[in-house]
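**Q** In UniProt numbering, the protein residues as written are 1 to 98. Every residue, glycine too, gets a C-beta built ideally from N, C-alpha and C. Sharing a structure below in structure tokens format, with a few things to ask.
The following block contains the structure:
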């Protein structure tokens, strides 16, 4: 749950409003929309309705979630998990823009 709060900016509501970013709520709502797209695709896949999934839209939403994870965590993009996140992010952005 902590990871979700970090990704969605849930921990930010305890900070003072003078330091808040005016675009924070729109990026949080965008992340929530992306998470919803991915969750709906997972439900369709689980119900064997993969033909109804907009794969390009899901790839873009997943890339947005990975971008947020990379932003909020200090991953070394040259090794370990960071390397794989970077590769996956690049692949998903390319697929989403086809």
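Between 49, 47, 58 and 79, which lies nearest to residue 35 when the distance is taken from Cα to Cα?
**A** 58
**Q** Please work out which residues of its chain come closer than 8 angstroms, Cβ to Cβ, to residue 65, disregarding the five sequence neighbours upstream and downstream, and give them in chain order.
**A** 7, 31, 34, 35 and 38
**Q** What I want to know is whether the C-beta of residue 49 ends up closer than 7 angstroms to one or more non-hydrogen atoms of the ligand MN.
**A** Ligands in the displayed structure: none, and consequently the ligand MN is not present.
**Q** Within the region 40-79, note down every full alpha helix (DSSP H) run reaching 4 residues or more, in order along the chain.
**A** 55-72
**Q** Once the 5 residues before and after residue 44 are set aside, which same chain residues still bring their CB inside 8 angstroms of it?
**A** If we look at residue 44 and ignore the five residues flanking it on each side, its Cβ neighbours are 50, 52 and 53.
**Q** Kindly indicate which three-state DSSP category residue 98 falls into: helix, strand or coil?
**A** coil
**Q** I think residue 178 touches residue 92, with their Cβ atoms under 8 angstroms apart; what is that distance to the nearest whole Å?
**A** Outside the shown range of the chain (1 to 98) lies residue 178, about which nothing can therefore be said.
**Q** From residue 97 to residue 28, what does the alpha carbon distance come to, in whole angstroms?
**A** 22 angstroms
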